[in-house]
Amino acid sequence: FKVNIVNGFILSNKNNEIMKIMQDILINYWKYENKLVYYFMFQILFDTLKKKYLNLNLYITNDTDIHLLQYHAKDKYSDKLWNDIKNKTSIHSLKIFKKIRKHSMIDKILFKDTI
């Protein structure tokens, strides 16, 4: 499975070889394209480079934990669930919410509604 990285949040050391190559590829891509042809293009490119440069020391974490709060955003707030999520990750990927229900996870966490 080649889609196993969250490209919305990446940390690397300065002049990281894979990141420099990715930058070159993407700059070249956007010279000739004005839209993304394939949604998972970045992830597949990264996976290909990662396999080519196996000798590099990469630390890749679980790419699903950052979506836990999003998944439970509309659930009724639970201290236990919030603590479980915080214990797994301090980074959260959230979408735009049209409506936020009172006392939901997202309401209590983002708006500090009587936490």
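Residue numbering for the sequence shown follows this note's numbering, beginning at -17 and increasing consecutively. Glycine is no exception: its CB is placed at the ideal position from the N, C-alpha and C atoms.
Looking at the structure shown, is residue i part of a helix, part of a strand, or coil, going by DSSP?
i       : result
Lys58   : strand
Asn(-2) : coil
My assumption, with CB atoms under 8 Å, is that residue i sits in contact with residue j. Please give the rounded CB distance.
i     : j     : result
Ile67 : Leu92 : That belief does not hold up - the Cβ atoms of Ile67 and Leu92 are roughly 13 Å apart, past 8 Å.
Ser86 : Asp57 : 7 Å
Classify residue i: buried if its beta carbon has 16 or more other beta carbons within 10 angstroms, exposed otherwise.
i      : result
Phe28  : buried
Ile88  : buried
Ile97  : At Ile97 the pLDDT is 49, less than 50, meaning the model places this residue with poor confidence and gives no usable figure here.
Phe109 : The structure shown does not extend to residue 109, since the chain is modelled only from -17 to 97, so the question has no answer here.
Ile9   : exposed
Tyr53  : exposed
*So does the region 2 to 21 actually touch the region 58 to 75, counting three or more Cβ pairs closer than 8 Å?*
At 8 Å Cβ cutoff, the stretches do not touch.
Next on the checklist: If we require 4 or more residues per run, which alpha helix (DSSP H) segments fall completely within the region -4 to 33?
Outcome noted: Taking only runs of at least 4 residues, the alpha helix (DSSP H) segments lying wholly in the region -4 to 33 are -1 to 14.
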